[in-house]
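One structure below.
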Amino acid sequence: MAMAFRALRRAPTALSSPFAPSLSAAARPFAGARHFHASRAAFVKVGEAIPDLEVLQEGSPGNKVNLAKELANAKGVIVGVPAAFSGACSQKHVPSYIQHPKLREAGDVFVVAVNDAFVMKAWADQLDPTHESGIRFLADPAGEFTKALDLGFEAPAIFGDTRAKRYALVVENGKVKSVHVEPDNTGTNVSMADKVLG
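Numbered by our numbering, the letters in the sequence shown go through residues 1 to 198 in order.
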């Protein structure tokens, strides 16, 4: 009995195994990378500036959009969605903005997703064929804008890669005025237009 107990206490650690990579070797490929998780993280806060990045695309990969510049002297809303053409995004979340009576008062409204520019254009054409709402659909193909906001999450079984949490940021003069992030990443509650625009 005592021997079995000692054997349990002397279970080898990962570093003592000849087959385990060294800590430095295991960490090297991920140096400098940011990792996302489902719990509330240190994502963008009220008063912070919108990331000054030339990474978003509108309509085609060559048409870059910098939201820090677009909203530097204006008010607006950035609506983040997990995926173009997905059920909740297409049937509830984005339509809640397109159809909201206070949309014009909100300023410039942008829908951002970690998708390519062609997918976002096709999605915009489906949801708002006449583009009468004025909402602009932007692609974040490598997820760089999403990562800068720390609003990404991993869902490989569903989306295959890092995606944006469902969120809405109210922006005024380049600074975040209010933050509305779904606590479960994909729900349709706090980021809906009625909660954001009133």
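Using N, Cα and C, we set each Cβ at its ideal position, and we do this for glycine too. Quick caveat: nothing in here was measured; it's all calculated off a predicted structure.
Nearest to residue i (by Cα), restricted to the options the options
{"i": "Ala-68", "options": "Leu-103, Gly-59, Val-55", "result": "Val-55"}
{"i": "Asn-189", "options": "Pro-51, Val-81, Ser-60", "result": "Val-81"}
{"i": "Asp-128", "options": "Val-111, Arg-163, Asp-116", "result": "Val-111"}
{"i": "Ala-193", "options": "Ala-74, Val-79, Ala-49, Ile-50", "result": "Val-79"}
{"i": "Gln-126", "options": "Ala-84, Phe-153, Ala-148", "result": "Ala-84"}
{"i": "Arg-136", "options": "Ala-142, Leu-149, Leu-151, Asp-108", "result": "Asp-108"}
{"i": "Gly-134", "options": "Gly-87, Pro-95, Ala-117", "result": "Pro-95"}
Rounded Cβ spacing between residue i and residue j (contact assumed at less than 8 Å)
{"i": "Phe-200", "j": "Val-181", "result": "The structure shown has nothing for residue 200, since the chain only spans 1 to 198."}
{"i": "Leu-53", "j": "Glu-144", "result": "6 Å"}
{"i": "Ala-124", "j": "Thr-146", "result": "Not confirmed; about 18 Å, so no contact."}
Rounded straight-line distance, which links the Cα of residue j to that of residue i
{"i": "Ser-178", "j": "Gly-62", "result": "31 Å"}
{"i": "Lys-195", "j": "Ser-60", "result": "32 Å"}
{"i": "Lys-175", "j": "Ala-74", "result": "10 Å"}
{"i": "His-93", "j": "Ser-191", "result": "8 Å"}
{"i": "Lys-115", "j": "Asp-140", "result": "Note that residue 115 corresponds to Asn in the displayed sequence, not to Lys. So the two alpha carbons sit approximately 6 Å from each other."}
{"i": "Ala-155", "j": "Asn-173", "result": "33 Å"}
{"i": "Thr-162", "j": "Phe-153", "result": "6 Å"}
{"i": "Asp-150", "j": "Ile-50", "result": "12 Å"}
{"i": "Asp-184", "j": "Cys-89", "result": "15 Å"}
{"i": "Glu-48", "j": "Ala-168", "result": "14 Å"}
{"i": "Gln-91", "j": "Ala-142", "result": "25 Å"}
{"i": "Ser-86", "j": "Ala-117", "result": "16 Å"}
Cβ neighbours of residue i in the same chain (closer than 8 Å, five flanking residues each side left out)
{"i": "Leu-197", "result": "Val-77, Tyr-97, His-100, Lys-102, Leu-103, Glu-105, Ala-106"}
{"i": "Lys-45", "result": "Val-176, Val-179"}
{"i": "Ala-148", "result": "Pro-51, Leu-53"}
Beta-carbon contacts of residue i that lie in its chain and below 7 Å, excluding the five residues immediately before and after
{"i": "Gly-187", "result": "Arg-166"}
Contact set for residue i: own chain, Cβ-Cβ below 6 Å, skip 5 residues either direction
{"i": "Leu-138", "result": "Leu-56, Glu-58, Val-65, Phe-110, Val-112"}
{"i": "His-131", "result": "none"}
{"i": "Lys-121", "result": "Gly-59"}
{"i": "Val-119", "result": "Ala-84"}
Residues that residue i bridges to, as DSSP identifies them
{"i": "Tyr-167", "result": "Gly-80, Val-181"}
{"i": "Lys-175", "result": "Ala-49, Glu-172"}
{"i": "Ser-60", "result": "Glu-58"}
{"i": "Leu-138", "result": "Val-112"}
{"i": "Thr-162", "result": "Glu-154"}
{"i": "Val-65", "result": "Leu-56"}
{"i": "Lys-102", "result": "None; Lys-102 has no bridge partner."}
{"i": "Lys-195", "result": "None, per the DSSP bridge assignment."}
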